[in-house]
Amino acid sequence: MPSDTFRPGLSYYEYRRKPLSYCGLACFLCSNSECIGCESGGCDIHSWCKNYNCCKERGLSGCFECTDFPCTSGMLDKVRIRAFSRFIKEYGKEQLIYLLARNDKEGLKYHYPGKIVGDYDIGKTEEEVLDILVNGCNSKFL
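Residue numbering for the sequence shown follows the working numbering, starting at 1153 and increasing by one per position.
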């Protein structure tokens, strides 16, 4: 049964419906309720998304599995997304999901209202983004 303490979109069940994207975006935190997520085939940008097409062509479940990772193709040219993929490679998807959900509950914003950037974008390097992810509101970069 989904938890009453999470806002819609943060429960374990929402993650299963709207998982992480191939590049590392957290689809389950996206406010676009019309989209069912990248891995679920619901994203309308597949025709031009370099990361989606590359992973599908190579039979990968994410950029983090690629022998060419880290690269700066497509969404991976963004520090936050590259840092999230690096984290997945090192610690796994479930740990990333856990930290993002924990941080959201503590008040960190994945996206600011009406924007596509949030608190994680304050980090200017992968290390800074990872510090924000791991330390949440206690990060020295916030």
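We put the beta carbon where it would ideally sit given N, CA and C, even for glycine.
Asked                                                                                                                                                         : Found
Between residue 1278 and residue 1235, is the Cβ-Cβ spacing less than 8 Å?                                                                                    : yes
Write down the C-beta distance between residue 1175 and residue 1203 rounded to the nearest angstrom, noting that I regard them as a contact closer than 8 Å. : 4 Å
Buried or exposed: residue 1290, going by 16 or more other Cβ atoms within 10 Å of its Cβ?                                                                    : exposed
Who are the near neighbours of residue 1223 in its chain, counting only those whose CB is closer than 8 Å to its CB and skipping five residues on each side?  : 1215
Please tell me whether residue 1239 and residue 1228 are closer than 8 Å, where the distance is taken between their beta carbons.                             : no
Shortest alpha-carbon distance to residue 1253 belongs to which of 1219, 1188, 1172, 1181?                                                                    : 1181
Residue 1261 and residue 1231 - do their beta-carbons sit closer together than 8 Å?                                                                           : no
State yes or no: is the C-beta of residue 1258 within less than 8 Å of the C-beta of residue 1288?                                                            : yes
Considering only the alpha carbon of each residue, which of 1266, 1172, 1200 lies closest to residue 1188?                                                    : 1172
For residue 1184, count neighbouring Cβ atoms within 10 angstroms of its own Cβ and tell me buried if that reaches 16, exposed if not.                        : exposed
Quick one: what does DSSP say residue 1165 is sitting in, helix, strand or coil?                                                                              : Confidence at residue 1165 is low in this model, with a pLDDT of 45, below 50, so its placement is unreliable and no value can be given for it.
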